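For the sequence shown, the working numbering assigns the number 1 to the initial residue and increments by one for each residue that follows. In this text, a Cβ means the ideal position worked out from N, Cα and C, and glycines have one as well. Quick caveat, the model's predicted, so the values are computed rather than measured.
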Amino acid sequence: MAVIDLGIDFGSSNTTIYQQGFGIVLKEPSVIALRKERKLEVVAVGSKAKRLVGKVSANTQVVYPIRDGVITNNDAAILLLKKLIARLLPEGSFKPRIRALVSIPCGLSLAERKAYETVMQKAGVNEVTFIDTPIAISRLLSHGGVVVSIGGGVTDVALVANNEIIDGASINIAGDAINNAITDYLYEKQNVKIGQATTEKIKLAIASLYANDTSSIEVIGRDADSGAQRTFIITAKEVCDLIEPLLKKITDIISSMITYAPTEVAETMTENGIYLCGGTALLPGLCEYMANLVRMKVTLLDDAQSTVINALGTLVGERDKLAEFLKLTKI
1 MAVIDLGIDF
11 GSSNTTIYQQ
21 GFGIVLKEPS
31 VIALRKERKL
41 EVVAVGSKAK
51 RLVGKVSANT
61 QVVYPIRDGV
71 ITNNDAAILL
81 LKKLIARLLP
91 EGSFKPRIRA
101 LVSIPCGLSL
111 AERKAYETVM
121 QKAGVNEVTF
131 IDTPIAISRL
141 LSHGGVVVSI
151 GGGVTDVALV
161 ANNEIIDGAS
171 INIAGDAINN
181 AITDYLYEKQ
191 NVKIGQATTE
201 KIKLAIASLY
211 ANDTSSIEVI
221 GRDADSGAQR
231 TFIITAKEVC
241 DLIEPLLKKI
251 TDIISSMITY
261 APTEVAETMT
271 ENGIYLCGGT
281 ALLPGLCEYM
291 ANLVRMKVTL
301 LDDAQSTVIN
311 ALGTLVGERD
321 KLAEFLKLTK
331 I
């Protein structure tokens with residue numbers, strides 16, 4: 001039987017799939033639109049479903065099945081992943097066996113990890129192996145250090161040495177938390193409601209960790225009382241003041257891990273520094289901000305948005321060495 005080997009980064013914001021022999025073959029938002037009739041009917045998945053946010057009828061739901069790195073809607077997650085994997089399968093009655101190496105946040109409970117296993121199996125993955133995200137990333141490093149992966153829903157922070165996590169945590173401070181902070185601020189400060197697309201526009205245009213940034217952006221929202229459209233201006237300084245406390249929590253965790261690590265480990269981590277990746281890691285000024293607070297060098301990894309899937313890709317082709325190399329556990 002033919003076998004397809006995949007690397008899957010099933011994230012809160014995006015699902016990215018690497019296929020052995022082809023490279024990255026799919027990247028779609030982790031969102032699905034479902035219509036409830038006699039049974040759940042898939043209306044759209046990925047980018048098509050994301051475009052339906054706020055534009056669907058009462059009997060249709062647009063669902064993000066993963067929140068803060070945790071699967072919160074098993075049925076939606078199964079249907080989403082099944083539809084995405086189906087795009088990769090050849091036509092015909094004989095379906096190949098699918099093996100997948102799947103990255104997951106390092107702070108999941110056993111029940112939360114089991115949910116990932118259930119979703120993978122019911123979505124058509126015949127054999128699944130899980131790897132903590134920081135361990136996957138360490139594959140791309142020449143030595144250990146502090147690995148910080150800031151995604152959409154969750155940030156993984158881990159002290160990594162010899163392909164093992166010495167100490168690690170997952171926290172729900174990432175891209176979504178920044179979006180929520182901007183949305184809440186505008187509602188409370190200017191009595192304006194904005195949608196996801198507008199929030200993303202603001203974040204991409206002016207969000208930074210530079211306190212002296214004087215840029216601003218004019219956008220359109222709706223008055224929370226009247227519902228009428230309103231044009232308003234938000235400044236980079238306002239956004240910086242919103243997101244700085246969030247990012248400081250991440251640096252506080254790094255400092256705490258270093259403080260309580262064994263002396264030799266702490267010295268090694270401090271020497272090697274912080275390795276930063278993930279889409280939110282591209283925030284202007286973030287590297288300098290972290291370096292100043294933690295007093296360690298910070299390296300933004302190449303192709304930061306795709307670091308995890310690129311790391312999985314280097315491992316997918318080494319199935320015979322995988323368990324021995326990383327001491328992985330099949331759940």
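Taking the C-alpha atoms as reference points, what is the distance between L40 and F94?
Approximately 26 angstroms, taken between the alpha carbons.
Taking V157 and I250 to be in contact with their CB atoms under 8 angstroms, please state how far apart those CB atoms are, rounded to whole angstroms.
Between I250 and V157 the Cβ distance is about 7 angstroms, and since that is below 8 angstroms, they are a contact.
Closer than 8 angstroms by C-beta to T259: which residues in its own chain qualify, once you throw out the five before and the five after it? Chain order, please.
Answer for T259: A266, listed in chain order.
What would DSSP say about A2, mapped onto helix, strand or coil?
Residue state, collapsed to three classes: coil.
Our contact map puts M257 next to D184 with C-beta atoms below 8 angstroms; I'd like the distance itself, whole angstroms only.
29 angstroms between Cβ atoms; not a contact.
Starting from L88, trace the beta strand (DSSP E) both ways and give me its first and last residue.
That residue, L88, is in no beta strand (DSSP E); it is neither H nor E in DSSP.
Nearest-angstrom Cα distance between L52 and A58?
Spanning the two alpha carbons is a distance of roughly 13 angstroms.
Taking the straight line between their C-alpha atoms, what separation do you get for S226 and T198?
So the alpha carbons of these two residues sit roughly 19 angstroms apart.
Can you name, in chain order, every residue of its own chain whose Cβ lies under 8 angstroms from the Cβ of A228, other than the five neighbours on each side?
So the qualifying residues of the chain are R222.
On a CA-only basis, which of G151, L242 and N310 is nearest E188? Give me that one, please.
Minimum Cα distance to E188 is reached at L242.
Can you look up P245 in the DSSP assignment and give me helix, strand or coil?
Three-state DSSP puts P245 in a helix.
Excluding the 5 residues preceding and the 5 following K27 in the sequence, name in chain order all residues of the same chain whose CB lies nearer than 7 angstroms to its CB.
The answer, listed in chain order, is N14 and T16.
According to DSSP, what are the bridge partners of S170?
DSSP lists D156 as partners of S170.
Excluding the 5 residues flanking G107 on each side, which residues of the same chain have their C-beta closer than 6 angstroms to its C-beta?
Once the five neighbours on either side are set aside, the close Cβ partners of G107 are A169 and S170.
Where does T279 sit, in a helix, a strand or coil, going by DSSP?
Here the sequence assigns Gly to residue 279, which means Thr is not the residue at that position. Of the three classes helix, strand and coil, the one that applies to G279 here is helix, per DSSP.
Which one of E37, P29 and I4 has the shortest CA to CA distance from G21?
Minimum Cα distance to G21 is reached at I4.
For the putative contact between T280 and G151, defined by C-beta atoms under 8 angstroms, what is the C-beta separation to the nearest angstrom?
About 7 angstroms separates the two Cβ atoms, so the contact holds.
Can you name the residues that DSSP bridges to V70?
Answer by DSSP bridge pairing, in chain order: R67.
Among G92, Q121, L140 and K82, which has the Cα closest to the Cα of I309?
Cα-wise, what sits closest to I309 is L140.
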